[in-house]
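Going by my numbering, the residue at position 346 of the sequence shown is 346; the numbering climbs one at a time, nothing skipped.
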Amino acid sequence: MISEKINLGINGSPEIPGDKSISHRSIIIPSISKGICEVSNCLDSDDVKNTLKAFVALGVDINKKNDKIIIKGKGLNSLKEPRSDIYLGNSGTSARLLTGLLSSQNFNSVLTGDESLSKRPMKRIVDPLSEMNAKILTNNNKLPIQINGQKLTNRDIEIKIPSAQIKSGVILAAINTKGISRIVEHNITRDHTEIMLRAFGADIFVKKDNSKKIITIKGKKELKSQNIEVPCDLSSSAFFIVAALINQNSHIVLRNININPTRDGILRALKKMGGRISLNNKRFYNNEQVCDIEVESSELKGCDLEPDIAKLMIDEYPILSIAASFATSPSIFRGLSELKVKESDRLKLIDLNLKNCGVESKIVDDDLFINPSKNYLIKRNTIQTDFDHRIAMAFAIMGSKVGPLQIEDSESIKTSFPTFKSEYNNIGGNIC
Ligand code: S3P
């Protein structure tokens, strides 16, 4: 894929697909609930398709009708032993959430993934589940994972790494475990699992205690299905938000975007940098807050972001780094260790590709320093992505300012935003 410099601004109202995190949960939770669920606006991307195929392999009746996904759930213990290994492609969310869910089922299963997912750490989910007596074998703490499903023991579990995937995997194990489990989260992360389970009637209670969150779950309560309207994805929106901010004569409106406060760090950061962003028409879809986001070209200044905000915007650092590259002063983004274990080592790739685009960048420990350039002298116009969709999309936006940039292995974009290129070109982007 080649992203060329644009002359005019970014203008219009692009369609943003359904939120990836909520789409995964919209398949997983109805599949273990009782009743029929119609899911609207579910993200139709490779990652979510892999979750859907996994539940079909686990015996759940799932069909598509018009644009909706119809899931006929039969309850907490209605899943069937799969006939073969479950392949999850590139999707870390599917791998961590399914490990938790399947560890309390009364059958065995094996989870596998693509080359990138097979390199990602799984000990982080296996360890807390083992405290509940789960029996899981890994390949040196990586996939393939073999789960010997059985009755688990309720426990008080501390989530030590700031990760919604780990927390959600443990919650999905606890809802099928007799007794009360308490899950303590020291760093608040995205809470879509808690919100959806509560709407489906789970005995799940959340108490906030300063920066700590205690989630109490009384297991074995059957869940009751209900229809879900998936809001649009803020992480996918962020690429177009930054494109509009950094290009002159731009004005876009993005509709029905999820602004769950555990996910909105990117909006807070860009506003702190001087971004002209307004959130209009705030409302709720299935207890998730949504709004319409209006963005205009802005003169951005650099900013210093503390580690605390990282978990509220962990997926947005690649595109935030592009915004910082066109600010009027330097930026420091602190505490980014988790970026090293995403679909790629994102910290390394952001730094490498920024340098190739003539931006001064350096990593000190887990902090990223970006000093915007005055002339953007391209040293190498090929962007290395290591098949990471968010690196590919972020540097496609960079190409609009300093291109042409050739984005390697850009087919990875299908994992989260299959329509990225056409939507971007419709509002003024120049990608072929
Ligand atoms: C996700 C949680 C985040 C995020 C990922 C989706 C989820 O991962 O990076 O894209 O849906 O729970 P971690 O929780 O591991 O940080």
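Note that the Cβ used here is the ideal one computed from N, Cα and C, for glycine as well.
Evaluate residue i with the Cβ neighbour count: other Cβ atoms within 10 Å of its Cβ, from every protein chain shown; 16 or more gives buried, anything less gives exposed.
{"i": "Glu306", "result": "exposed"}
{"i": "Phe284", "result": "exposed"}
{"i": "Asn247", "result": "buried"}
{"i": "Val364", "result": "exposed"}
{"i": "Cys432", "result": "exposed"}
{"i": "Leu8", "result": "exposed"}
{"i": "Leu137", "result": "exposed"}
{"i": "Lys20", "result": "buried"}
{"i": "Gly179", "result": "exposed"}
{"i": "Lys362", "result": "exposed"}
{"i": "Thr415", "result": "buried"}
{"i": "Arg83", "result": "exposed"}
{"i": "Thr51", "result": "buried"}
{"i": "Ser329", "result": "exposed"}
{"i": "Thr153", "result": "exposed"}
{"i": "Thr382", "result": "exposed"}
{"i": "Asp114", "result": "buried"}
{"i": "Asn353", "result": "buried"}
{"i": "Glu185", "result": "buried"}
Mind checking whether the beta-carbon of residue i lies closer than 8 Å to any heavy atom of the ligand S3P?
{"i": "Asp315", "result": "yes"}
{"i": "Glu360", "result": "no"}
{"i": "Gly113", "result": "no"}
{"i": "His24", "result": "yes"}
{"i": "Arg83", "result": "no"}
{"i": "Ser337", "result": "no"}
{"i": "Asp163", "result": "Note that residue 163 is Ser in the sequence shown here, rather than Asp. Under cutoff, so the answer is yes."}
{"i": "Gly201", "result": "no"}
{"i": "Ser21", "result": "yes"}
{"i": "His192", "result": "yes"}
{"i": "Lys311", "result": "yes"}
{"i": "Ile350", "result": "no"}
{"i": "Lys342", "result": "yes"}
{"i": "Arg198", "result": "no"}
{"i": "Ser235", "result": "yes"}
{"i": "Thr382", "result": "no"}
{"i": "Thr419", "result": "no"}
{"i": "Thr153", "result": "no"}
Tell me which same chain residues have a C-beta within less than 6 Å of the C-beta of residue i, skipping the five on either side of it?
{"i": "Asp191", "result": "Thr262"}
{"i": "Leu349", "result": "Ile391"}
{"i": "Leu254", "result": "Ile16, Ser237, Ile293"}
{"i": "Ala174", "result": "Ser181, Ile217, Gly219"}
{"i": "Met196", "result": "Arg25, Ile29"}
{"i": "Pro128", "result": "Ile157, Val170"}
{"i": "Ile147", "result": "Leu102, Ser103, Ser109, Ile136"}
Using only the alpha-carbon positions, how far apart do residue i and residue j sit?
{"i": "Leu300", "j": "Lys272", "result": "9 Å"}
{"i": "Arg380", "j": "Gly403", "result": "11 Å"}
{"i": "Glu296", "j": "Leu98", "result": "40 Å"}
{"i": "Gly92", "j": "Ile183", "result": "21 Å"}
{"i": "Ser23", "j": "Ile252", "result": "25 Å"}
{"i": "Asn187", "j": "Thr193", "result": "16 Å"}
{"i": "Glu423", "j": "Lys212", "result": "39 Å"}
{"i": "Gln105", "j": "Leu76", "result": "9 Å"}
{"i": "Arg120", "j": "Glu343", "result": "8 Å"}
{"i": "Asp304", "j": "Ile71", "result": "45 Å"}
{"i": "Leu108", "j": "Ile159", "result": "Residue 108 is actually Asn in this sequence, not Leu. Going from the Cα of Asn108 to the Cα of Ile159 covers about 25 Å."}
{"i": "Ile86", "j": "Lys208", "result": "36 Å"}
{"i": "Ser298", "j": "Asn430", "result": "21 Å"}
{"i": "Leu223", "j": "Asn176", "result": "11 Å"}
{"i": "Ala54", "j": "Asp47", "result": "11 Å"}
{"i": "Gln165", "j": "Ile29", "result": "14 Å"}
{"i": "Thr419", "j": "Phe240", "result": "13 Å"}
{"i": "Leu368", "j": "Phe333", "result": "5 Å"}
{"i": "Leu117", "j": "Gly89", "result": "7 Å"}
{"i": "Asn63", "j": "Val56", "result": "9 Å"}
{"i": "Ala202", "j": "Cys37", "result": "16 Å"}
{"i": "Arg268", "j": "Asp388", "result": "25 Å"}
{"i": "Val170", "j": "Met132", "result": "9 Å"}
{"i": "Asp351", "j": "Thr385", "result": "12 Å"}
{"i": "Ala244", "j": "Ser250", "result": "5 Å"}
{"i": "Glu4", "j": "Leu405", "result": "7 Å"}
{"i": "Ser33", "j": "Gly149", "result": "19 Å"}
{"i": "Ile215", "j": "Lys221", "result": "16 Å"}
Residues in the same chain with beta-carbon distance under 7 Å from residue i, minus the five sequence neighbours each way, listed in chain order, please.
{"i": "Gly59", "result": "Leu79, Lys80"}
{"i": "Asn426", "result": "Gly12, Pro14"}
{"i": "Cys357", "result": "Tyr376, Ile378, Met398, Val402"}
{"i": "Leu279", "result": "Ile259, Cys291, Ile293"}
{"i": "Asp315", "result": "Ser235, Arg390"}
{"i": "Ser26", "result": "Val39, Cys42, Ile228, Val230"}
Please return the same chain residues whose Cβ sits closer than 8 Å to the Cβ of residue i, not counting the five positions on each side in sequence.
{"i": "Val359", "result": "Ser325, Ile370, Asn371, Pro372, Ser373, Tyr376"}
{"i": "Asn141", "result": "Pro121, Met122, Lys123, Val126"}
{"i": "Gln289", "result": "Asn258, Ile259, Asn260, Pro261, Lys282, Arg283"}
Should residue i be listed as close to the ligand NAP, given that the test is whether its C-beta is under 8 Å from any heavy atom?
{"i": "Ile166", "result": "In terms of ligand content, the structure shown lacks the ligand NAP and carries the ligand S3P instead."}
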